[in-house]
Amino acid sequence: MSEYDLIPEEAYEGLPQEPNDKFAVLVRIAQNNLARMLDSSNSGDFSTEIRSQFISIVSGMAEALGIEGLPKIGNDLADYN
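Going by numbering that gives the first Met the number 0, the residue at position 2 of the sequence shown is 1; the numbering climbs one at a time, nothing skipped.
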């Protein structure tokens, strides 16, 4: 695992089969790693980039797993700070 992975490869092992449960587990892992990275960073540019990566990962996972009901994600990260 790289210290910059929001979801390391090993996190995909042993996931629940149900898409909603799988999504919840993966989002929780990504949130924990996002928080860890933001806590250890002093760079505003890095914070913006890693938050953008988080939003992309979560929306991509939702689409891939058929999760509905999430808000549409725009390009303006100011809404998610």
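Just so it is clear, CB atoms sit at the ideal spot from N, CA and C, and this is done for glycine as well.
Remember, it's a predicted structure, so these values are computed and weren't measured experimentally.
Where does Lys106 fall in DSSP's three states? The chain is shown from 0 up to 80; residue 106 falls before or after that span and cannot be answered.
Going by DSSP, what residue range makes up the alpha helix (DSSP H) through Gly59? Note, Gly59: alpha helix (DSSP H), Gly43 to Leu64.
Taking all protein chains shown into account, do 16 or more other C-beta atoms lie within 10 angstroms of the C-beta of Asn82, making it buried, or fewer, making it exposed? The displayed coordinates of the chain run from 0 to 80. Any statement about residue 82 would go beyond what the structure contains.
Close Cβ partners of Met81 (< 6 Å) along its chain, the five nearest in sequence each way excluded: Because the chain in this structure spans residues 0 to 80, residue 81 falls outside the shown range and cannot be described.
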